[in-house]
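Here's the structure we're looking at; comments come further down.
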Amino acid sequence: MIRRSLVVGALLLAVPSTVSADVELKWAAEGFYRTRGVFLTNMAAADATRLPYPVNGEDFVIPEIRRTSYLAHSLRVMPRVSLGDLVTLHAQIDGFRDVLWGDNNGLFAAPLFATDATNQSLFGTDQNRFFGQQENLSLNLTRAWIDFKVPVGRVRVGRMASHWGMGLLANGGGTGNVDPTTPAGEPERKAFDYFFDDDFGDNHFGSTTDRILFITKPLSIYKSIAGHSNVDSKLVMGYAYDKISEAPWLPNEPFERRFRPFGQQGFISRGNNDDVTEHVGLILWNDPEINILRYTDDLRIGMYSVFRHQSEGSTEPSNLDPNANCGEFEGEIQPCEDTGSLVMIFDFWYRLRLGPYYSEAEVLTIRGNTFGGIPFPSANRKRKAQINSGAFRAGYLTDSWDGVFEVGYASGDDQLEDENFKQRPMHPDYNVGLILFEEILRELSARTYGPPFFSEANPNGAIGFFSNGGVINSTYIHPKGRYRIELDRGTQVEVIGALLFAWVDELAQGVGMFGPGVNKYLGTEVDLAIKAWFHDRRMNFTLESGLLFFGDALKSVYPLADTSFTLQSRIAFMF
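Numbering-wise, the sequence shown is residues 56 to 630 according to the numbering used here.
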C-alpha cells in the first residue's frame, strides 16, 4: 500500500506547475489565546468510594464532587508560508493547552510560597503516566503539512486536521478564523472549523491524522479539455490515504517485541499485518455563494466515506493459539483465528441557507467486523459495529437575531459485552449545552469505564468508551436563540439562550452508565451566554451560565443532588 501511494504521488508530481519569477514567498499566521474560568456544582453528587489500584495494590478514592472551580489557558498559533498559490506550508503550534493556572505539581514544597507555575492539564494525566506530576509541553507542534498545486487539483501531505460537516465524526477543534470562500466585497464569514464555533463551551481536542489528501474538481477538468471559457465547478471530489498505526505498541507483548533500541528500526520491519490504514473518499457540492436571496446564501451537500483496515488485530497475546477458543460470534464458538478488521463509515452532510432560512444535518453510520479491535470486556474477541448518530438543525437567521431548533441522537448499547458494538459518542468538540454532556456525563463515563478496568496495560481503564464531553447514548432536543447588538464597527454584544432536553437511548444490562428499570429522562438544562466582541472582533469576553435539573436517570447514579449550576467565563484574543 505504501509503494502504491508513493507511485500515485510521483504521478501527481510528474507535471509540476511552473513558478514565475514574480511569485513571492509570503508569511502569514492566525490563532488565538484564551483563558477560561469554570465554577461548577454537583459534578458527581454521590458518596465517595475507595477501590484498590490493581497495578500496585494501593487504594484510591473516587470522590464526591460537590463544587469545583479552576482557570485554564490555551494558546494556538497557525503560521503558514506560501509560494503564490502553488505551495503552502502549514503548521499548528499549541501552547499551555488546557493547562491549569498555578503550581499544581509540587514544584514548590510549600504552595503558599510558590512563584512559578506548572503545566498540569485539567484533563489529568495520560495513560502512560498515571500518577502525579504529568505535565503538558509548554509548546507543542501538533500539526504540520504542505498543500501544493498539481495539474488536476491540489494535494496535501502531512499531519493535519480532519474536519467534515458539522463535526460529529471528524472535528478539527478550531483551525481558522475567516472563511476563505467569503464572496469578494462582502462581510467576512466565520470559517467552518472556527476557533470559537460553539454557542457554549470551548474546543479541547480536535481530530488529527497523518494523511495524503488529493482534491480535484472533475467538471472543471472536463470544461478545460472541452475548451470552455468558464471552467469553474462546484463539484469537489477527494481521496485520502491515512496511516493510523505503523508499529502498534502492545504492553503485554514479550519483551523482545517491546524493545525499541535507539538507532535500530527492526521494530518497524516486523511485518505489516498489524498496521492500520484508512482510505477516505469524499464527494461534495460546494457552493458558498449561490446568491439567490442574499450574499449569505450557500449550499453544501456531500458524503464522506471511510474504510479502515487491519489484517491482524489481536493484542493480548498477538500470537494466538489457533486451537483455542476466543468467545462466541453469531451464536457459534469463535476459534482464535485472527480475521482482522474492516470498518466502514458513511457520513452524509448538507447545509442550506436561503435568505433567513437555514437548515443543516449530518447523519453517520459505522459498520463492519473486527477481531481484537475492541478489547472489551477482554482482548481478542470478534465484534461487529452497528453505530449510528446524527444531528439536524432548522432555523431563521437575520442580522440581529437567530432562532434555531436542533435535535440529535447518539446510539447506545444495552449490552457492551456482547458481539454487537453500538455505542460511540459524538466528537467531544461538538458541544451541546454547557453542563449535561460537557461536564456531568463526561465525568460519569470516565468513572463507569475507568476504575473497573484499570490494569497495568491500561492504567486509565477503557478510555475508548469515555465521552470526553461528547453526546453519548442519548437523544436530545436543543432549541436556542441569539440576539446581537452592533455598537460600532467591530464591536458587538450577543446574548444567547438555550434549552436542552435529553433522554438515555439504551439502559445497560451489564456494564454501563445507567442500569435497567430506570426512567430514561436525563434532565432539563437552561443555558445563557453574553458574548462581547471588540477591536474588529479580535477581542472576546464571554460570560456563560447554566442550570441543569436532574432527571430520574441522573438521580439514579447521583442521588445526593437535584441540580447542577455553572458559571463560566472566557477572555480571548484572535489574530
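Where a beta carbon is used, it is the ideal one built from N, C-alpha and C, also for glycine.
Rounded C-alpha distance that separates residue i from residue j
i, j, result
"Ala587", "Asn595", "6 Å"
"Gly44", "Leu471", "Look at the range of the chain in this structure, 56 to 630, and you will see that residue 44 is not part of it."
"Ile148", "Phe314", "31 Å"
"Ala239", "Tyr576", "48 Å"
"Gly213", "Phe269", "12 Å"
"Trp408", "Thr351", "Residue identity differs from the one stated: residue 408 is Arg in this sequence, not Trp. Distance between the alpha carbons of Arg408 and Thr351 is about 7 Å."
"Leu496", "Gly368", "30 Å"
"His259", "Gly228", "7 Å"
"Leu609", "Glu493", "14 Å"
"Val548", "Glu541", "7 Å"
"Ala627", "Gly150", "14 Å"
"Leu499", "Ser279", "57 Å"
"Phe14", "Gly463", "Residue 14 is absent from the model: the chain starts at 56 and stops at 630."
"Arg448", "Gly565", "34 Å"
"Met399", "His590", "46 Å"
"Glu29", "Gln319", "Since the displayed the chain opens at 56 and closes at 630, residue 29 lies outside it and no answer follows."
"Val331", "Tyr412", "43 Å"
"Phe317", "Trp304", "16 Å"
"Val559", "Asn528", "6 Å"
"Ile442", "Gly525", "15 Å"
"Asp342", "Thr236", "9 Å"
"Asp287", "Phe251", "31 Å"
"Trp82", "Phe630", "14 Å"
"Gly488", "Ser433", "34 Å"
"Leu80", "Leu141", "10 Å"
"Asp248", "Thr264", "16 Å"
"Thr143", "Lys204", "9 Å"
"Pro507", "Ile276", "57 Å"
"Tyr359", "Leu337", "5 Å"
"Glu415", "Thr530", "18 Å"
C-beta atoms of residue i and residue j nearer than 7 Å
i, j, result
"Lys439", "Glu474", "yes"
"Val78", "Gly139", "yes"
"Asn195", "Asn174", "no"
"Thr370", "Ser396", "no"
"Gly179", "Leu126", "no"
"Cys391", "Asp376", "yes"
"Gly601", "Gly578", "no"
"Leu290", "Glu417", "no"
"Ile490", "Glu385", "no"
"Thr96", "Arg122", "yes"
"Tyr613", "Ala103", "no"
"Asp234", "Arg244", "yes"
"Tyr504", "Ala517", "yes"
"Asp153", "Ala172", "no"
"His145", "Trp200", "yes"
"Arg363", "Glu333", "yes"
"Asn435", "Cys381", "yes"
Status (buried if at least 16 other CB within 10 Å, exposed otherwise) for residue i
i, result
"Leu615", "exposed"
"Ala281", "exposed"
"Trp404", "buried"
"Asn232", "buried"
"Leu348", "exposed"
"Arg479", "buried"
"Arg544", "exposed"
"Thr170", "exposed"
"Ile532", "exposed"
"Pro206", "exposed"
"Asn637", "Lying outside 56 to 630, the shown extent of the chain, residue 637 is not represented and no answer is given."
"Asp484", "buried"
"Thr453", "exposed"
"Gly428", "buried"
Bridge partners - residue i, DSSP secondary structure assignment
i, result
"Ala83", "Arg135"
"Arg544", "According to DSSP, Arg544 bridges with nothing at all."
"Asn595", "Trp588, Ala627"
"Ser124", "Phe94"
"Leu577", "DSSP lists no partner for Leu577."
"Ser600", "Leu583, Leu622"
"Trp404", "Gly357, Glu417"
"Ser300", "Val331"
"Arg422", "Met399, Gln441"
Q. In chain order, which continuous runs of the beta strand (DSSP E) of length 3 or greater are located wholly inside the stretch 321-386?
A. 331-342, 353-365, 380-384
Q | Any alpha helix (DSSP H) of 4 or more consecutive residues that is wholly inside the stretch 452-537 | A | 496-504
Q) Along the chain, which unbroken stretches of the beta strand (DSSP E) at least 3 residues long are found entirely within the stretch 194-276? A) 194-205, 208-216, 263-271
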